[in-house]
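Using my numbering, the first residue of the sequence shown is number 2, and each one after it goes up by one.
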Amino acid sequence: MENNKSIRRLSDLNTLVSLSKRRGFVFQSSEIYGGLASCWDYGPLGSLMKLNVKKAWWTAMTRRADIVGIDAAILMHPSVWKASGHVAGFADPLVEDLKTKKRYRADHLLEDAGVDVKGMKL
């Protein structure tokens, strides 16, 4: 039953991607050269939608008088990531399919198998 759910979810995702491409929301990055897995470019409608979502988010997050917006770089000195807990606090264990050489997040595989991973430790 879980397998049918995964197949239906994949089918729904493929339908959504196909519609989004036809309507000009997204295109696979470098598509004319064979594409680049998991990389997408925004088309005319997708660019407008992204801008609208960004504006709505910005307004919602900076509406209070005690909040101001900043636009900081993602690339930062390693000490910043260490001080914020991002270096020591995050880990995504991967498993590798030895036949296909593809890697998968272990927690996603467990969730797909119906296992509740909340609170699990490495």
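Using N, Cα and C, we set each Cβ at its ideal position, and we do this for glycine too.
Original post:
Is DSSP giving L95 helix, strand or coil here?
Top reply: strand
**OP:** Check whether the segment 58 to 65 touches the segment 75 to 90, counting contact only when three or more Cβ pairs, one atom from each stretch, lie closer than 8 angstroms.
**Re:** no
Original post:
Under the three-state reduction of DSSP, which class applies to D113: helix, strand or coil?
Top reply: helix
Original post:
Got a sec, what are the start and stop residues for the alpha helix (DSSP H) V27 sits in?
Top reply: Here V27 belongs to no alpha helix (DSSP H); instead the beta strand (DSSP E) covers V27 to Q29.
Original post:
In three-state DSSP terms, what is R9?
Top reply: helix
Subject >> Beta-carbon proximity of F28 to D13, cut-off 7 angstroms >> reply: no
Original post:
Within 10 angstroms of its Cβ, does F91 collect 16 or more other Cβ (buried), or is it exposed?
Top reply: exposed
Subject >> As assigned by DSSP and simplified to three states, the class of D72 >> reply: coil
Original post:
Which residue from I33, S48 and A38 puts its Cα closest to that of S21?
Top reply: S48
**OP:** Name the residue from G120, H78, W59 and I75 whose alpha carbon lies nearest to the alpha carbon of V69.
**Re:** W59
**OP:** Taking only the alpha-carbon atoms, compute the straight-line gap between L111 and K55 and give it to the nearest angstrom.
**Re:** 33 angstroms
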